[in-house]
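One structure is given here, and the rest of the page talks about it.
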Amino acid sequence: MTIDQSFYIGYISKTRGLKGEVQLFFEFEEYESLDMDVVFVEVNKKLVPYFVDAIKFQKNSTAYVTFEDVDHIDKAQILVRKKLYLSNDKMPERDPDDFRYTDLIGFLVIDENHGELGRITDVQEFPQQFVATVDMDGKELMFPLSDDLILGIDGEEEIIEVELPEGLVDLYKE
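Add 804 to a position in the sequence shown, counting from 1, and you land on the number used in the numbering used here.
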């Protein structure tokens, strides 16, 4: 299994107890729908399979997991802060009408006043809002994905039209 054949779901955040149980932190939105009989842990840039014995999902994007053959805190400790992956065939199907801000990655941003700004390279979720990062001639322009700023989204042409606050684009051009 390689990283190309898998998708990232989160990481092991800490150990729990003395019998090898670990806490997973999910960065995958619909983590409760994942089929997690086998997960792949990134160790030295290689994916190592771990078979899940038991999993208890929590409400705060975490779960408590015990793996086969990890029966002591010392065996679990070496897994802390390691990234977790699942094989691509376990990726849940999404409804085509289910739109997410992260789907905007690759879209061309056109501002009402400044014209074409560049393509969205990243979308990050912060507690109050989502923020898009645009590659503007080698510089990163960041703006909130707010209904107040978005004039329209064309999914066919992969274009998002915005009206950014006065002075925001100028800050990044300097």
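Positions of the beta carbon are idealized from the N, C-alpha and C atoms, including for glycine.
#### Entry: Asp974: first and last residue of the uninterrupted alpha helix (DSSP H) it sits in
972 to 977
Of all the beta strand (DSSP E) runs that stay within the bounds of the segment 922 to 975, which reach a length of 3 or more residues? 934 to 940, 943 to 948, 954 to 958, 963 to 966
Handout entry: When Arg820, Val966, Leu883 are compared against Lys860, the one with the closest alpha-carbon
Key = Arg820
> What number of angstroms, rounded off, separates the C-alpha of Glu944 from the C-alpha of Asp873?
Replying inline: 46 Å
### Task
Look at the Cβ atom of Tyr812, then the Cβ atom of Tyr889, and state whether they are nearer than 8 Å.
yes
ask   = Below 8 Å, can you find three or more Cβ-Cβ pairs linking the segment 852 to 868 to the segment 917 to 927?
value = no
Worksheet item: What span of residues does the alpha helix (DSSP H) with Asp878 cover, start to end?
Response: 877 to 881
Name the residue from Asp841, Arg885, Gly910, Gly814 whose alpha carbon lies nearest to the alpha carbon of Phe829.
Gly814
Review point. Measuring CA to CA, which of Asp941, Leu822, Pro948, Leu921 is closest to Phe934?
Key: Pro948
- Query: Can you name, in chain order, every residue of its own chain whose Cβ lies under 7 Å from the Cβ of Leu955, other than the five neighbours on each side?
  - Reply: Glu916, Glu965, Val966, Glu967
- Just how far apart, CA to CA, sit Val938 and Ile914? 11 Å
**Request:** Measure the Cβ-Cβ separation of Leu908 and Ala936 and say whether it is below 8 Å.
**Result:** yes
* Asked: Can you check whether the CB of Thr866 is closer than 8 Å to the CB of Glu825?
  -> no
Exercise for review: Verify whether the separation of the beta carbon atoms of Lys886 and Val845 is less than 8 Å.
Suggested key: yes
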